[in-house]
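Each residue of the sequence shown is one higher than the last, beginning at 27 in my numbering. Here is the structure we will look at.
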Amino acid sequence: MRNSSSPIRNRQARPIAFLKARLSPEGYLGLHLTIGALILISSTLLFAAIAEDVVTADRLTVIDRDFSSWLHAHTTPTVTALLIIITRIHATLGVTILTLGVLSYLMRRGYRAHSVALAASVFGGMLLNVILKNLFLRARPHFTDPILTLTSYGFPSGHTMMATCFYGALGAFAIANFKRWSWRALAGLGAGFMILLVGFSRIYLGAHYLSDVLGAFAEGAVWLAFCLTAVNVLHRWRRAGSQRRL
Numbered sequence: 027m028r029n030s031s032s033p034i035r036n037r038q039a040r041p042i043a044f045l046k047a048r049l050s051p052e053g054y055l056g057l058h059l060t061i062g063a064l065i066l067i068s069s070t071l072l073f074a075a076i077a078e079d080v081v082t083a084d085r086l087t088v089i090d091r092d093f094s095s096w097l098h099a100h101t102t103p104t105v106t107a108l109l110i111i112i113t114r115i116h117a118t119l120g121v122t123i124l125t126l127g128v129l130s131y132l133m134r135r136g137y138r139a140h141s142v143a144l145a146a147s148v149f150g151g152m153l154l155n156v157i158l159k160n161l162f163l164r165a166r167p168h169f170t171d172p173i174l175t176l177t178s179y180g181f182p183s184g185h186t187m188m189a190t191c192f193y194g195a196l197g198a199f200a201i202a203n204f205k206r207w208s209w210r211a212l213a214g215l216g217a218g219f220m221i222l223l224v225g226f227s228r229i230y231l232g233a234h235y236l237s238d239v240l241g242a243f244a245e246g247a248v249w250l251a252f253c254l255t256a257v258n259v260l261h262r263w264r265r266a267g268s269q270r271r272l
C-alpha cells in the first residue's frame with residue numbers, strides 16, 4: 027500500500043530545511059547572507075522613509091530646524107574646536123588616507139577579501155553619496171553667524187556616510203577575526219561611537235540637519251551591508267568550489 031504521508035512530510039520538511047540552511051554559519055548562502063539581506067532591506071526602508079520626509083517637508087524637517095537652532099545657540103569654543111578637528115579628519119581626503127593605510131596593512135597580512143570589502147564600501151560609498159546629493163538637491167542649514175560655510179548640497183551627509191562605511195567595515199573585520207567576545211564588543215562599540223561622533227559633529231557645526239545625518243546612517247548601512255555581503259558570499263563560494271575540486 028502506498029504511503030500517502032511521505033509526500034506530506036517531505037513538503038513540511040522543505041521549509042524547515044530551507045530555514046536551517048539560511049541560519050547556518052557554514053556555506054555561502056547561510057547566516058552571513060541572511061543577516062546581510064535583513065540589514066540591507068531594513069536600512070533601505072529606513073532611508074526611504076527619511077528621504078520621503080525630507081522631500082515632502084514633513085515633521086522630521088521641523089525637528090531638523092529646531093534641533094539645529096538649539097545646538098547652534100549652545101556651542102562652546104572648546105567643543106567647537108574639538109569637533110572641527112573631528113570633521114576635518116573625516117573629510118574626503120582624511121578618510122581616503124585612513125582607508126589606504128588600513129588597506130596597506132590588510133594586504134600585507136593577506137586579508138584580500140576584507141581589503142576588497144573595505145575599498146568597495148568606502149570609495150563606492152563616496153560615489154553613491156555624490157549621486158544622492160545631486161538627486162535630492164537639499165540646501166544646508168543657514169545661520170547669520172555660521173561656524174562653517176558650505177555651498178554644496180546637504181542630504182545625505184557625506185562625512186557621516188564615509189564614517190559609517192569606514193568604521194563599519196573595520197568593526198566587521200574586528201568582529202570576524204577577534205576570538206574573545208569582549209574584544210568583539212569593544213570593537214563594535216568603538217566603531218559605533220566614532221560614527222555617531224562624526225555625525226553629531228556635522229550637526230553641531232551647522233553643516234547638516236539631523237535628517238541629513240540619519241539618512242547618511244541608513245545609506246551607509248545599505249551600502250556597507252551590500253559590499254560586505256557580496257564579498258563574503260563570493261569569497262565563500264570560491265572557497266567551496268576549490269574544496270570540491272580537491
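Every residue, glycine too, gets a C-beta built ideally from N, C-alpha and C.
N-terminal and C-terminal residue of the alpha helix (DSSP H) that residue i is part of
i, result
"Arg166", "No alpha helix (DSSP H) holds Arg166; DSSP gives it neither H nor E."
"Gly194", "184-203"
"Ile221", "207-230"
"Thr175", "Run containing Thr175: none; DSSP gives neither H nor E here."
"Arg135", "It is not in any alpha helix (DSSP H) - Arg135 carries neither H nor E in the DSSP assignment."
"Ala233", "That residue, Ala233, is in no alpha helix (DSSP H); it is neither H nor E in DSSP."
"Ala99", "85-99"
"Ala107", "103-115"
Distance between residue j and residue i (C-alpha atoms, nearest Å)
i, j, result
"Asp238", "Ala198", "24 Å"
"Ala256", "Ile76", "26 Å"
"Leu49", "Thr60", "Low confidence applies here, because Leu49 scores a pLDDT of 44, under 50, leaving its location unreliable and the question unanswered by this model."
"Leu163", "Tyr179", "6 Å"
"Tyr131", "Thr175", "36 Å"
"Leu153", "Gly246", "12 Å"
"Leu126", "Gly150", "14 Å"
"Ala143", "Asn203", "15 Å"
"Ala139", "Ile112", "29 Å"
"Ala99", "Arg210", "38 Å"
"Ala83", "Thr177", "21 Å"
"Leu119", "Ala145", "14 Å"
"Lys205", "Asp171", "50 Å"
"Met133", "Asn258", "16 Å"
"Thr101", "Phe226", "13 Å"
"Leu129", "Ala200", "14 Å"
"Leu260", "Ile173", "45 Å"
"Ile67", "Val81", "21 Å"
"His280", "Pro103", "Not covered by the structure: residue 280. The range shown for the chain is 27 to 272."
Proximity below 8 Å, CB of residue i to CB of residue j
i, j, result
"Ile65", "Ala251", "yes"
"Ala244", "His185", "no"
"Met187", "Asn155", "yes"
"Gly232", "Phe169", "yes"
"Asp92", "Leu86", "no"
"Ser183", "Arg228", "yes"
"Pro13", "Tyr230", "There is no way to answer for residue 13, as the model of the chain reaches only from 27 to 272."
"Ile221", "Thr190", "yes"
"Gly136", "Leu254", "no"
Beta-carbon separation (whole angstroms), residue i vs residue j, contact threshold 8 Å
i, j, result
"Ala213", "Ser147", "With a Cβ gap of about 16 Å, Ala213 and Ser147 do not count as contacting."
"Gly241", "Phe181", "6 Å"
"Phe192", "Val121", "6 Å"
"Val224", "Ser69", "That belief does not hold up - the Cβ atoms of Val224 and Ser69 are roughly 18 Å apart, past 8 Å."
Cβ-heavy atom distance, residue i to the ligand FAD, below 7 Å
i, result
"Leu222", "Absence of the ligand FAD from the depicted structure is noted, as is the absence of any ligand whatsoever, leaving it without description."
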